[in-house]
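Asks: So the sequences go chain by chain: A and B. In terms of my numbering, the first sequence has 78 at position 78, counting the first letter as 1, and numbering is strictly consecutive. With the second sequence counted from 1, adding 653 to any position gets you my numbering. For every residue, glycine included, the Cβ atom is placed at its ideal position computed from N, Cα and C.
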Amino acid sequence: MLSAVNATSATAMHDRAEELFRAHQRDISRRADRLFAVLLPLEWLACVAAAIWISPLTWVGLNSQTHPHVWTALLLGGAIVSLPLYMALRHSGTALTRHVVAVGQMLMSGLLIHLTGGRIETHFHVFGSLAFLAFYRDWRILLPATAVVAADHFLRGMFWPESVFGVLVASPWRWLEHAGWVLFEDTFLIIAIRQSRLEMGDMARQRAELEATQQVIEAKVIERTNALSAVQLRLRESEGRLRATIECAGDGILTIDGQGRIESLNGAAERMFGRVAAELAGRSADELFDESGRAVLQAAIRALRDAPYNPSAAERHETAVARSDGTPLPVELNLSRMTAQEPPTFIAVVHDISQRRQAARQLEELQKQHLEVARRIGMAEIATSVLHNVGNVLNSVNVAASVINDKVRKSATADLGRAIGLLELHRDDVAEYIARDEQGKHLPGFIVEVGRKLAADEEEILAEVVALTKNIDHIKDIVTVQQSYVGMSGTVEKVSLEELIQDAIRINSASLGRHEVEVVYVADELPEALVSRQKFLQVVVNVLSNAKYAVMQNGRNERRIDIELRKEGADRARLEIRDNGIGIAPENLTRIFAHGFTTRKEGHGFGLHSAANLAQEMGAELSAHSDGVGRGAKFVFSFPLDASQQPLTVGTA
Amino acid sequence: MIELKGTHAATGSADTGLTQPVAPRVALTPRVALLAAWLAALAAGYAAISRFEGTPGAQRAAPAIWPSASELPRDSTRPTLLMFVHPRCPCTAASLQVLTEILNRKSDECSALILVVSPPGADESFAAESLSHIAAELPSADVRPDADGAEAVRFGAATSGQSLAYSADGRLLFAGGITPARGQQGESASATALAAALLSGRADAAGRRAFGCPLFDESSSCLEQPCSRQ
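#1: Keeping to the same chain, check which residues put their C-beta closer than 7 Å to that of Lys20(A); ignore five residues upstream and five downstream.
#2: Skipping 5 residues on each side, what residues in its chain have a beta carbon closer than 7 Å to that of Leu89(A)?
#3: Output, in chain order, the set of chain B residues within a Cβ distance shorter than 7 Å of Trp59(A).
#4: Classify Thr339(A): buried if its beta carbon has 16 or more other beta carbons within 10 angstroms, exposed otherwise.
#5: When the Cα atoms are used, what is the spatial distance from Phe737(B) to Ala858(B)?
#6: Exposed or buried, what is Asp306(A) when buried is set at 16 or more other beta-carbons lying within 10 Å of its beta-carbon?
#7: Run through the DSSP bridge pairs and tell me what Gln65(A) is partnered with.
#8: State whether the segment 424–442 of chain A contacts the segment 345–363 of chain A, with contact taken as three or more CB pairs (one from each stretch) at a distance under 8 Å.
#9: Once you ignore the five residues that flank Phe779(B) on each side, which residues in its own chain have a CB closer than 7 Å to its CB?
#10: Just to make sure I have the definition right: I need the residues of chain A whose C-beta is within less than 9 Å of the C-beta of Gln712(B). Which are they?
#11: By DSSP's criteria, Gly733(B) is part of a beta bridge. Which residues make up the other side?
#12: For Val539(A) and Leu416(A), which I take to be in contact (beta-carbon distance under 8 Å), what is that distance rounded to the nearest angstrom?
#13: Using the beta-carbon of each residue, which ones in chain B are nearer than 8 Å to Ser129(A)?
#14: For the segment 521–533 of chain A and the segment 580–594 of chain A, state whether three or more C-beta atom pairs, one from each stretch, are separated by less than 8 Å.
#15: Any chance you could list the beta strand (DSSP E) runs of at least 3 consecutive residues sitting entirely within the segment 220–298 of chain A, in chain order?
#16: Which value, in whole angstroms, describes the spacing of the CA atoms of Ala863(B) and Ile702(B)?
#17: Given 8 Å as the limit, is there contact between the segment 548–565 of chain A and the segment 516–526 of chain A, that is, 3 or more CB pairs closer than that?
#18: Residue ranges of each beta strand (DSSP E) run of no fewer than 3 residues wholly in the segment 8–49 of chain A, ordered along the chain?
#19: Measure how close the beta-carbons of Ala765(B) and Leu734(B) come, nearest whole angstrom, since I'm counting them as under 8 Å.
#20: Would the beta-carbon of His178(A) fall within 8 Å of that of His123(A)?
#21: Between which residues of its own chain and Glu654(A) is the CB-CB distance below 8 Å, once the five residues before and five after are set aside?
#22: Spatial neighbours of Ile447(A) within its chain, please: CB distance less than 8 Å, with the 5 preceding and 5 following residues excluded, ordered by chain position.
#23: Quick check on Arg337(A): buried or exposed, where buried means 16 or more other Cβ atoms within 10 Å of its Cβ?
#24: Closer than 9 Å, Cβ to Cβ, to anything on chain B: give me those residues from the segment 27–56 of chain A, in chain order.
#25: Is it buried or exposed, Gln232(A), if we count other Cβ atoms within 10 angstroms and call 16 or more buried?
#26: So with Cβ pairs under 8 Å, would you call Phe869(B) a contact of chain A?
#27: Measure from the alpha carbon of Ala570(A) to the alpha carbon of each residue in Val541(A), Asn471(A), Leu526(A), then state which is nearest.
#28: Rounding to the nearest angstrom, what Cα-Cα distance links Gln750(B) and Gln838(B) in this structure?
#29: Assign Asp428(A) to one of three DSSP states: helix, strand, or coil.
#30: In this structure, how does DSSP classify Phe135(A) when only helix, strand and coil are distinguished?
#31: Does Ser109(A) come within less than 8 Å of chain B when only Cβ atoms are used?
#32: Quick one: what does DSSP say Val738(B) is sitting in, helix, strand or coil?
#33: Could you have a look at Tyr521(A) and say whether DSSP puts it in helix, strand or coil?
#34: Is the separation between the beta-carbon of Val629(A) and that of Ile577(A) shorter than 8 Å?
#35: What's the C-alpha gap between Ser729(B) and Ala818(B)?
#36: Run the CB neighbour count on Thr812(B), radius 10 Å, all protein chains shown included, and call it buried at 16 or more, exposed below.
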């Protein structure tokens, strides 16, 4: 395939070389035609002048008239010149023109020889003419030229009356000698012409090769130029977009030279500084910043200028710029070096952070409010548990009160009253009545019986009163525990973790007991910890309450909550609260701590959310684990033993 | 130049049923016609000039014996060569050139006399320039004026360039022109014959013609006998 292409290319180049050669030949012929178009008329004039000079008049005795040579020069010379001149002017470059010119030129030689009376010196015109004809670089025209010379000499010898032609003397074939000399010159001219044409051919081939190379180069140049144009177009579009982006950017963007002078800035920067680009261009960027900002800017420029170029290196600082009215504007300055070229150029992106700072302040305030709400929610959860447990105890109180009420209402006091009434009725004859009356006979026994019953009732009522008192004490305990946490701040203090956990169990104890939930608590021996008592209790109470609800819904008789407190590393502890409750669906594990999320109808979704927030505040982690619905759950509360070392963290779980 | 313009109009062939091309017709283009006209004009021109150059001058018989009436000195020791020239005829130059060639080769074999003929009626100035010029050109020759062409008439010379050679004893060896054509230099049969006659001493029998200007008007009465200068 490649060889075929090369062959085609070589053929095309050969054709082009041929074309160039022909064009060159044509150009040479035309130049020679123009030369002879001048030379032939000059020769004609020279012939006329020679005729007038040599033989102006012919004489007959004393009489004279214009010599026929003058007319010959004028008319025959004009005739000889006419057609070559016409052809050279009108049909320049053709082979026929060349041949006609060659014939005409040699005829002019012959005419001149005639007019000079055959002077041998005039014959040199023949050789000069042949040399001139060689200008055509076409050896073929030497043939008619030579033929004309030979014919001229031959015919002159043949037709002149006293010619030596045919006479065998010393020089009868002189014309042949002359023609031989012409052929001698022809030989050299032909060699010279051939050599010249070979050189023309070489030139044509070289030029064809050069053109082919040039075409290839031009094609490459066009291709590259087109590609470059496309790239430039894309670059301009990209530049336009970039410029529009920069102009539309909300941040102020400036370019700064190595001396800290402003080179350009976008519209946002103009608005930010309250000054136009034309005013700022060339001025020091220091003018845009307040006192601290200048130092920051200069330090940033120095840092970027002195360090090796790194395209990703940037200096980011929060500082302030000075508006045109002098008021400061908090900004974030992002300075980077544009290129590695020296001197360096920097690009500064100035972001107005006034709103961000205001938002941060508002956020901080909201966070505080949120924490307070969370704290209150947590407290509300505890209060709910407390109230729930108090309610449970109150149920026992009510039962006891009902029993007492029933006992009181059904006591033998009425029977005793009726016996007393009978005795009152028979006050005067009590003995007779008891002795003789049938009813009276049964009265002592009835009174004994009533007494026994009253004693029994009293004993039962006393038992109920004891239980009632106990329950009231229980309520008192619950309320006391709760009261002990109400109003407490989140201050970190040294506490016994076991006591806290027991309090949490106690708060839920009534409910746990009523629902027959078995709580198993095991713990490592841990030193007192520095935690927020309030926060810790809220976390544990909420998680425990959650576990209680979970086991209540497990549909089994066995309801169990395992609480395990373990030391975790040197400075942390880990509290696991495991239950065999209804478990947590996998899709709910990620949102179990979300605000408002609950699976209970009566739940409100605050408890675990509050617990998670509090855990985060404590620098602790609260996580939930479950193997799925019906497979129980495990909540892990990992917390530092010294919360005073923990930074305050703000956030929601 | 002929241009062939072939046409391939179909002509049916009854024998073969094949379509055969019509033979191409030859058409003369204007350029070819122009070329032909040019060549014809040149031929006519050359014919005219050839006719002029090839036409001999008037020919009169030269005396077979040196005329006794002649006042010209005849060399009794070697042949005497005479040439009569018209003083203003351009053709004279060619004759003198040929004569010079001969004299250069045969200067010791003859004595040359060149007679510059003043036609009857001409004054002395007519030939003066020519005399001095020829004398300068041919120092070995005796150049003399021939007033009224008296000697020319005696020797039968009517055309410029007419040359005569007489032997030492006065016999005519050669008579005629020595140029190949009118006004043309170069080798000629007559010049060769003259040289041979001078060398051999034998008379050239061929009638040689002279090509040049007539020395006298056709109507001149001096052609028959020398006119005497008035």
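Replies: Taking the structure as given:
#1: First, the residue type needs correcting, since residue 20(A) is Leu and not Lys in the sequence shown. Excluding positions up to five away in sequence, the list reads Ala204, Arg207, Ala208.
#2: Cβ within range, chain order: Ala37.
#3: Near Trp59(A) (Cβ distances below 7 Å), the residues of chain B are His739, Arg741, Cys742, Cys866.
#4: With fewer than 16 other Cβ atoms within 10 Å, it is exposed.
#5: Those two C-alpha atoms are separated by around 20 Å.
#6: Counting the other Cβ atoms within 10 Å of the Cβ of Asp306(A) gives fewer than 16, which makes it exposed.
#7: DSSP lists Thr58(A) as partners of Gln65(A).
#8: Proximity of the segment 424–442 of chain A to the segment 345–363 of chain A falls short of the contact definition, fewer than three beta-carbon pairs being nearer than 8 Å.
#9: Same-chain partners within the cutoff: Pro740, Ser771.
#10: The contacting residues do not exist; Gln712(B) stays about 12 Å from chain A at best.
#11: Note that residue 733(B) is Thr in the sequence shown here, rather than Gly. Its beta-bridge partners are Ser764(B), Tyr819(B).
#12: The pair is not a contact, with the Cβ atoms about 59 Å apart (cut-off 8 Å).
#13: What Ser129(A) touches in chain B, judged by beta-carbon distance under 8 Å, is nothing: the nearest beta carbon there is about 16 Å away.
#14: Contact between the segment 521–533 of chain A and the segment 580–594 of chain A is absent: fewer than three C-beta pairs spanning the two stretches fall below 8 Å.
#15: The segment 220–298 of chain A contains these whole beta strand (DSSP E) runs: 252–257, 262–265.
#16: The straight-line gap from Cα to Cα measures roughly 17 Å.
#17: By the C-beta criterion, the segment 548–565 of chain A is judged to be in contact with the segment 516–526 of chain A, since at least 3 inter-stretch pairs fall below 8 Å.
#18: Annotation note: the segment 8–49 of chain A contains no uninterrupted beta strand (DSSP E) run of length 3 or greater.
#19: Contact holds; Cβ gap of about 5 Å.
#20: Their beta carbons are under 8 Å apart, which means His178(A) touches His123(A) by this criterion.
#21: Residue 654(A) lies beyond the residue range present for chain A, which begins at 1 and ends at 653; the question has no answer from this structure.
#22: Cβ within range, chain order: Leu416, Ala419.
#23: By the 10 Å Cβ count, Arg337(A) comes out buried.
#24: Answer in chain order: Ile54, Ser55, Pro56.
#25: Gln232(A) is classed as exposed because its beta carbon has fewer than 16 other beta carbons within 10 Å across all chains shown.
#26: Chain A contact via Cβ: present.
#27: Checked all of Val541(A), Asn471(A), Leu526(A); the closest Cα to Ala570(A) is Leu526(A).
#28: Gln750(B) and Gln838(B): Cα-Cα distance of roughly 7 Å.
#29: Look at Asp428(A) here: in three-state DSSP terms it is coil, with no helix or strand label.
#30: Reduced to three states, the DSSP call for Phe135(A) is helix.
#31: For Ser109(A), no Cβ of chain B is located within less than 8 Å of the residue's own Cβ.
#32: DSSP places Val738(B) in strand when its eight states are reduced to three.
#33: Here DSSP, grouped into helix, strand and coil, assigns Tyr521(A) to strand.
#34: Result no, Cβ atoms of Val629(A) and Ile577(A) do not sit closer than 8 Å.
#35: Across the structure, Ser729(B) and Ala818(B) are spaced so that their CA atoms are roughly 13 Å apart.
#36: Counting the other Cβ atoms within 10 Å of the Cβ of Thr812(B) gives 16 or more, which makes it buried.
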